[in-house]
Structures are given as C-alpha cells and as structure tokens.
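Undergrad: Chain order of the listed sequences is A and B.
Quick note on our numbering: the first sequence kicks off at 22 and runs consecutively.
Quick note on our numbering: the second sequence kicks off at 5 and runs consecutively.
Where a beta carbon is used, it is the ideal one built from N, C-alpha and C, also for glycine.
In this text, all values refer to a predicted model and were calculated from it rather than measured experimentally.
Attaching a single structure in structure tokens format; questions to follow.
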Amino acid sequence: MTARIAPIPAEVKGQSDWPQTDVVREIRPAPDRYRNALGKYKIDRLACCASCGHCVEVCQYGVHVKPEGYAFTLRPLEHLCIGPECAETAESCVAQCPQKALNMRRNPSADCMGDPRWSSDLILATWHQAATGHAAPPHLESRTGASGGGFDSLRFKFEAQGFEEPAPVPAAEIDTGLDLNHRGDGRPQIHIDLPVYGGGMSFGSVSIHTILAKARAAVAWNSFTCTGEGGYHDRLRPYDDHVITQVATGLFGVREETIQRVRIVEFKYAQGAKPGLGGHLLGDKNTPPVARMREAVAGNALFSPFPFHSVYSVEDHKKHVDWIKEVNSTCLVSVKVSTPTDVDMVAVGSYYAGAHIIHLDGSYGGTGAAPDIAKKNIAMPIEYAIPKVHKFLAAEGIRDQVTFIASGGIRTAYDALKAIALGADGVVIGTPELVALGCVRCSCCESGRGCPRGIATTDPELMMQMSLEWATQRLVNLLNAWREQMVAVLSRLGMKSIRELRGRSDVLCYVSDEPAQTEGVAQ
Amino acid sequence: MPDRYHIHTAPIAPRFRRVGKFGNVDWREDCSRCSNCVKLRCLYDVYRHEAAYNRDPLTAVETLDECKACLSCVQGCTKGLLSVSVNPGYLEMGDEYWKPDILLSTWNQSDAGRIPVSGAGYRGRFHGPGFDSIWTDMSEIVRPTRDGIHGREYISTSVDIGPKPMRLKFAADGQMLTPPSHLIEIQLPAILDLPGWAVESQYLAAARAAAAQALHTLAVMPARDAIGLPAEQLAFVVPLVASQDEIEPCQAVLKAARLAQVNDGADAAELAGRILAVNPGLIVSVRMTLGPASAERILELNRAGLKVFHLCADLHGRERLANGRPGRHIKDALREVHGRLVKERLRDEVTLIVGGGIALAEHMAKAIICGADLVALDTPLLVALGCRVCRDGRPCDSGDRCPAEIGAADSAYATQRMVNLMGAWHSQLIEVLGAMGIREVRRLRGEVGRAIFMEDIEKEAFGDIARVSRQQVRV
C-alpha cells in the first residue's frame, strides 16, 4: 500500500535561519485511532452464532475476521460494511449466515454526528480518505453535504445527464500546482503543488500536535499552513518555509523575527465565522503555555479587537502592507477578509494596496469559538462571494495580477473544485483537516478543557490522545485523496491543469429543486 | 449623564426538565464493567450525573440526555457495546418553525442571560424560508462603533414609540399649533406581548410587567389583568382595551400607562378617542393582523390620527389571510408596508411594531431591517419558562397539561428568566449592529441596503449557471 507520489521540489527555500525538516509524501494506512472505528452501518451478531466462519468467506469487504487458530469470529469491523447495497447480493453475510445470527442496520451513533452542512456521510468519507489516502467508497456521499444550497446545489455537468463530455485527459498529464505571485513585482515566485493550503489555527484554539501535523503535511505536499493569531510556536521553526505568519488584530506573539522567517505573511482583517467581531479564546483554554506565547494572563478570556486600530481606509491598509514588505523584503503578502456586500470593492482595494493574495473567508467557515448568531447571519457564504469578486476583478482588468484564495466552508475536494470553477485560484481549508484528525463536529471546542477528541484543546492529557506521526499521516493521506479526485475531475473535464478550471462556471450546473428541508438529525 | 442601559441578568436554574438531544439508549449485553466509559472516556461526566440522578431505586430510570455526542465512549468502549443516539423526544419537540434546537438554545439563554457561543462553523441549512434567507452585512474597514468587545456600550438599542410630527405649524401670531409630541422611549427594540395562545397562569402577566420594568420596555396585557399590579409597574404596561365597557373599570391603569392598545375594527378610532378622553397624554396603538391589506389600513387609520401600529403575524411569522390560510412571510409583507409608507412620506410619522414568529435574536434584527421599528415577542417568553411548543394540538390551558408546568411558575422566577433571555438577545443584537458598524438600532430600520437577500444574491452568483433538476443528477 506504500507509494511515494512525487519528489518534493528542492527550490523551496525561504529566509529561515533554522534547518528545515523534510517530510516524505508517502501514503500509508492510518486507521482510526479509537478502539472501535465508526461505520455507517452496524452489524449485530446474535448469541446463536456458531462461529462457523462462513461470513468470513462471503464478505468481500473484510468486515468479518476469524484469525487462524481462533475458535470464535472476531467482532465485525463494521466501518468496512457497505450496507444495503451488499444485502441484495449473494455476498451478503446476513443472507448467507446458516444460523441467521447476523443482522445489519444503520449505526445510530454515526447518525449523531454531523449536521446538514457536514453530514455524517461527509465526516465518515473524510475519515476514510484520511485513513487510506484514497477516495471514499460509493456508499458514503463524499462530494456534497445536505445543506440544500451553495456547493450542495452545484454539480459538475458530468454528474448530471444530458451534457456532452470532452475527451478525457490522461491522469499523468494533469498538473494541480499553483503559482502564488502574479504581481510581477520582483518578489520570488512561490509554487504550491496543490491548489490548497491550511488555514490559520492558533496555538490555544488547537493543540500543538494539530498545528505541527498541519505543518508537516504542508511540507510533504509543498504547500502551506498558517499560524493563526496565537503566535509562532518554536516547534514550528523546522517548517518555517511552509508556514504563513498571520498578523491579526490582537497581534498576539507577532514579532519582527516571526515576520522575517517566513515566505508568506497574512493579514487577518476578519474571520468568516465571526466577521466584524474579532477573535475570542475563552478563558478555560488560555492555559499557562498559551498565555506565555500570547504574553497574556492565563485563565483570562482573550479577545482580539476589531478592526485593526490603525486601519480605517484603503490608504491605511496600504501602509500596513508596506510595513510588512519593509520588514521582510522577499515575502508575499496575503490579505484575509470576510465577505460583506461590498466584498468586491474590498478585494480591489487590497490589490491596489499591494497584496499578492486576496483571501476571502466566507461566513460559514470554521471557528474555535464564535457567537451562534454571527456564524449564521453575518456576511455572505463564500459561494456567493467567489463569482462576485472574480467577475469584478476581471472587469477591473487585474484578475491575472492577483491570486484569489477562497475559504470558509470548503469541505471536500469537490467543494474546492467548484470554488475554483466559480472563480477562485485556490482554497484554504481548516475543518476538513480537523475532521481528518477525528473531529465529529460536536462543536464543543470552545470551553472547559476543550475538544473531547483531543484536537482543539491545549489540555495536556486530552491532547495526548493523538500522536503527531498519526496526525501527520492522516493529513498527508487526505490531501492525496483530494488530489486524486481533483485529477479525476480535471481529466473528465478535458483540462490539463487546475489553472484552466478557474472561472469556468460553464462546467457547473445548478440543481434548482433541492428540497427545502432535510429530515433526520436537525442541526 | 444618565445611567448606561444595562440588563441585570442572573443565573436562575430551570424548574422544568430539559429535553436533551443525545443520549445513550443502546447498551448491549455483555458489558465487562471496565467502567472506562464512565471514568475515562466521558469528559462531561454524563454517566455519573445520570447515575446520581437515578439514585432513587423506586423511580423509573431516566436518561438526562446531557450527552454532547463526542462519541468518545462509543469509540472507546472496550467491547464495542455502546451506542449513542438522537433522542426521539428531542426531535418530537416543537414544530417546523420552532425547531428543537431553537427551543434548547432559548432555554440555555434564559438560564443565565449568556449569548450562545460554540465552536466549529455554522451547522445548519444553507438558506431557508423567511428570515433564513437574509444575511446581515458587515463593515470590513470603517467601523465607528466597534472596538473588539470594547465600544459596544456606545451602541444604542433604544427606540421611540409615538407620533413624530414632520414639521411644526404656527399661527400667524407665532403661536405653535402643532400639539407637543410625546414619544415613549424604550431601551430595547422589543416589547413583551401576550402569548399567541391561551395559557393558564395567574403569574404570567405580572411577570411580563415586572420584566418590562426591569428591561425598560413595555408589556402588553388585557387591561383588566393590569388592575392588580403595583403602581410603579403601570407605566411599563400596555393595557389592551377590548371594548368601551373596559374603560371605566380600568381608569386607574389607563391614567398611569403611557401606551394603550385597541384591536383593529370598525370602531378602533372611536375607541381610541374614548381612551384618550381618560388620559390625553396616552398614545393609543392599534393591534392588527398582518395581511395584504395592512398598508392600506394603516394609511386609513393614520388619517384618523392613529400613529402606532402593532402588526400581528401568525406564530410562524406569516400573514394571516382572510381565508385563514398563511400568506407571505414578515420579510416580504413588512417590506411592502414599509415601502408604501416611505412612498407616502409617512414612514417617520408612524411606528410599526411587528410580532409573531420572532423566535431568535437574529429575527429581531432582521424584522427591523425589513421595516419594523421594533418587535413584539410572544412565544419566546413562554419558551424561556420551558415551553416546548407542543404540536399535539391540545390546548395548554386545560389543567396539568403543560409538561413544563408553566402555570406553576411564580412571578419572580418567570421575570428573571425573561430578563435573562432579553439580556442574551440584547447582547446578540449589539453583536450584529457592531459588525455592521451601525451605532443605533433606529438606523437599522429599513436598512435593506445593509442586508443580503437570498433571492438577489442567488441570481447574481448563480444566475448564469445551467439549471438541472434532481432527477437529472446521477447518483
């Protein structure tokens, strides 16, 4: 199963004075870290089972196991079961069991996960991709959620009937890489191998293992991760060349050195999930190590102000960008803003202020803690903002001079592709990475000891539930699965490069009769 | 300088049994009693709480459904026996408008007045009917009101009720002919309205009055219910006068009140006149059903000298049509009324209160964006006391029907729960105003330019994309 995908380019050198660590881009199995992997279906084995082992013979999917010399069949590996689709075939363990001791049903625990936006299937499919490095099996809906709008209403035309398909391009010829500097201002070009990089998650909102795993996966895939606004942890130094220093309104832990050692610096004006409100770390999660890095008092809730006190106009903004460019003469500058009605004007303003990357964060994006009212109601979802900004930048004649990155609600490889087809150059992801690490979206990240699954927590005991090696592998695998799906889609679209897809909304279609409500688990 | 407006929230434990979302209902045989789930896996001590709750051996074992479905116990169980499932009782609560998660969130807000904060991104549907098809705008750079959490005390949430003359008239000798205007200023753009259906409780009206006093807002109640209230609360009561016969016994109430209400009808203007005869300083509002003819009727009553209108939508925020069927949502109906009044150059002369279907703090902001000056709250006040908006169709006022025993909730308890809920809503309104960079809620009225409407933005973003039906999508 081990397969090295491609060599990492040698010329990714930044300003760092620290020896940089290499991480191999290798796909290795990284099964669920819990004792019982969760599946969509549950198999009950009744007491009348005679352990004849017939189920082991019939099942094609490895659900039933009876090791050599064992008297009893092991507990079924339910997460491998594909459900009713199999039940109709001759390979069905339920039908074939001579004792009628087996039955299969939907797993109620799996139905507790997720919500319309991140359905249970999407979570399970992301887990599968993180575990194996390849696309999820068809019994899991891995492309869209059940939110009834936005990406979930968009499909590629080849997913619907009645559209012609071009001749496919061989997978080996397809390039998913992206250049980030289009200004032609003499600053270095930065190339990433996937049109995806990792979003900012601060130390404090997530554990150091999560941060490091993101960084290591970014190294493996020649991409980037971002510090978030909690400061630059020393343990990130070996990955400096793949880290974006975020300068947010709180300026927690921002120093000249942390701006100088990286290749990209990002201004965070706003976060999609809580636009106009500033960051918020609840007191419980402000542990002594977090407080030390943020130069704050442990146990106090930490708020970032909003906005930057020094920025009340595009001219002020330019001054900001100039400041960073002065401090680091070779870095690219990214500007992260959320999505108000006049987002198109904001994007153009950012370009003229000197930004290389305009990063829009849509309102349905992730957060470690935000008021529920802000998540749902303030600013527009990214799906609306992308075409608006793309068209406006094109009309302004500057579309090809700026890299436009979208984030806030990118859940799947298909979401990323749709975002690019709508007009973005690439995407930033956050929640899919956390889901790959085992997040069930119980939304309890914000208080107490933090994440019960040990991802978004700084509790020393909870964070040890997850090893760095395992977490790195899960993320490397997820990105590989995404890349495979991207290549497959581009192939069907007859495109040789991800860059050809940008703004090609003509390859999409819109499902106009999505049901207004989904049954089952309410949000 | 006057005191800053502050809502005094205080934690108060609910006296009803919460219906939780998740619970462990499936514990298969063969447990080895390793107790990992209890002692090691459950971060929230749910198993221990339930054990403590079920300590009485004589009562039936009940689950508390405090589980947050992190699935740590399910995935960590030594023998893989545990399952968690969605509580069917939770899904049973409420109706298609009053969704279970709205009820739970309202209960939580009423506990201590804290605004709901959670981790992870938005979890719901992309958009929905009614208020769920509006997004409020935010201001990316220029923001005079917002400074992190600081600066929010400079955002005003007060609104005015009453006639506002657009110009002053003078006689030839310079004497002012326009009668002096007396506006009622309340500190919250929400008044506490009657429940939308009959609820038997001797405390509710008193609790609303006390809450209105604490919140510096107003509480609507039948005029007779106000008779026994303490004198200092009468200024915060809006007596609803159903007929002329009520004027006489309620004289004291009408004299102390600032705003009264009459039901719309042929004799509304006449009844209002008689009430004003008792207390000329009073403002009389007309309570009317929101419908397609509302704008026309408001213009008519305006000509008769009435300036304050309380438009009642149905419990799901829709018009009530003459045939009894629901019509358009507040969002559309109210924008029409507001637009018509703007066109007639009357908008600033009249006050629009809209009620019915305001279920969340965001609805308050969105109704104001659609043209209301302020909103009236009915069902949320009951939900604060544990109401589950039962959909079994049986009336709430028959004996011990209510599972939350709202009739037994005493006045002090009910008051504090209402105050807490309003405290949480007030904070959320300020979040929205702050993000928008709007300094006072008066300026939010009719500000559709600072809102994003689904119909418009869908067309702008996806209008040029080919349409397909669900049937055409390959599975």
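(1) Taking C-beta to C-beta, are cysteine 133 of chain A and cysteine 76 of chain A nearer than 8 angstroms?
(2) For glycine 60 of chain A, which option in A/Glu47, A/Met125, A/Ser37 and A/Ala442 has the closest C-alpha, if you only look at C-alpha atoms?
(3) With distances taken Cα to Cα, identify the nearest neighbour of arginine 392 of chain B among B/Tyr94, B/Glu33 and B/Ser39.
(4) Measuring straight from C-alpha to C-alpha, what distance separates alanine 297 of chain B and arginine 332 of chain B?
(5) Drop a sphere of 10 angstroms on the beta-carbon of leucine 425 of chain B, count the other beta-carbons inside from all chains shown, and report buried for 16 or more, exposed for fewer.
(6) Could you tell me whether the Cβ of serine 72 of chain A comes closer than 8 angstroms to any Cβ of chain B?
(7) Under the DSSP definition of a beta bridge, which residues are partnered with methionine 125 of chain A?
(8) Residues of the segment 174-205 of chain A in Cβ contact with chain B at a cutoff of 9 angstroms, in chain order, please.
(9) Give a yes or no on whether the minimum CB-CB distance between glutamate 96 of chain B and chain A is below 8 angstroms.
(10) Distance, Cα to Cα, alanine 55 of chain B vs tyrosine 48 of chain B?
(11) Go through its chain and collect everything with a Cβ distance to valine 542 of chain A's Cβ below 8 angstroms, but skip five positions before and after it.
(12) I'd like the span of the alpha helix (DSSP H) that includes lysine 34 of chain A, first residue to last.
(13) Using only alpha-carbon positions, find the residue among B/Val245, B/Leu385 and B/Ala276 that is nearest to glycine 285 of chain B.
(14) Are the C-beta of valine 78 of chain B and some C-beta of chain A separated by less than 8 angstroms?
(15) Taking C-alpha atoms, which residue in B/Glu435, B/Leu233, B/Asp197 and B/Tyr101 lies nearest to methionine 2 of chain B?
(16) Find the nearest neighbour of valine 190 of chain A within the set A/Met516, A/Ile345, A/Leu529 and A/Leu161, judged by alpha-carbon distance.
(17) Measure how close the beta-carbons of histidine 338 of chain A and serine 384 of chain A come, nearest whole angstrom, since I'm counting them as under 8 angstroms.
(18) Does any C-beta atom of chain B lie closer than 8 angstroms to the C-beta of glycine 524 of chain A?
(19) Taking the straight line between their C-alpha atoms, what separation do you get for glutamate 366 of chain B and alanine 395 of chain A?
(20) Which residues, taken in chain order from the segment 130-150 of chain A, show a beta carbon closer than 9 angstroms to some beta carbon of chain B?
(21) Could you check whether the Cβ of glutamate 435 of chain B sits closer than 8 angstroms to any Cβ belonging to chain A?
(22) Measure the CB-CB distance between histidine 314 of chain B and glutamine 265 of chain B and report whether it falls below 8 angstroms.
(23) Does the ligand SAM have a heavy atom nearer than 7 angstroms to the CB of asparagine 58 of chain B?
(24) Tell me alanine 455 of chain B's beta-bridge partners as DSSP assigns them.
(25) So that I know if they touch, is there some Cβ in chain A lying closer than 8 angstroms to that of isoleucine 372 of chain B?
(26) Okay, do the segment 100-111 of chain B and the segment 12-30 of chain B touch, 3+ Cβ pairs below 8 angstroms being the bar?
(27) Taking 8 angstroms as the threshold (beta carbon to beta carbon), is alanine 415 of chain A in contact with chain B?
(28) Taking Cβ-Cβ distances below 9 angstroms as the criterion, which residues of the segment 339-363 of chain A are in contact with chain B?
(29) Quick check: the Cα distance between proline 167 of chain B and threonine 355 of chain B, rounded to an integer number of angstroms?
(30) Does the count of Cβ pairs from the segment 503-516 of chain A and the segment 177-191 of chain A closer than 8 angstroms reach three?
(31) Using a Cβ-Cβ cut-off of 8 angstroms, state whether methionine 142 of chain B counts as contacting chain A.
(32) Should valine 45 of chain A be labelled buried (16 or more other beta-carbon atoms within 10 Å of its own) or exposed?
(33) CA-CA distance, glycine 152 of chain B and glycine 297 of chain A?
(34) Could you tell me which residues DSSP puts in a beta bridge with glycine 219 of chain A?
(35) As a quick exercise: from B/Ala73, B/Gly321, B/Gln432 and B/Pro407, pick the residue whose alpha carbon is nearest that of threonine 293 of chain B.
(36) At a Cβ cut of 7 angstroms, what residues of the segment 467-482 of chain A count as close to chain B, listed as they run along the chain?
TA: Concretely, from the data shown:
(1) no
(2) A/Met125
(3) B/Tyr94
(4) 12 angstroms
(5) buried
(6) no
(7) A/Ile64
(8) Ser174, Leu175, Arg176, Lys178, Phe179, Glu180, Ala181, Gln182, Gly183 and Phe184
(9) no
(10) 13 angstroms
(11) Note that valine 542 of chain A has pLDDT 35, beneath the 50 cutoff, so the model's placement of it is unreliable and the number below is only indicative. If we look at valine 542 of chain A and ignore the five residues flanking it on each side, its Cβ neighbours are Asp132, Cys133, Gly135, Asp136 and Ser141.
(12) Note, lysine 34 of chain A: premise wrong, no alpha helix (DSSP H); not H, not E.
(13) B/Ala276
(14) yes
(15) There is no way to answer for residue 2 of chain B, as the model of chain B reaches only from 5 to 479.
(16) A/Met516
(17) About 21 angstroms; that fails the 8 angstroms criterion.
(18) no
(19) 9 angstroms
(20) Ser130, Ala131, Asp132, Cys133, Met134, Gly135, Asp136, Pro137, Arg138 and Trp139
(21) yes
(22) yes
(23) Within the structure as shown, the ligand SAM is missing, as the structure has no ligands at all.
(24) B/Thr140
(25) no
(26) yes
(27) no
(28) Val358, Ser359, Thr360, Pro361, Thr362 and Asp363
(29) 7 angstroms
(30) yes
(31) yes
(32) exposed
(33) Its pLDDT being 45, under 50, glycine 152 of chain B is placed unreliably in this model, and the coordinates cannot settle the point.
(34) A/Ile450
(35) B/Gly321
(36) Glu467, Arg470, Pro473, Arg474 and Ala477
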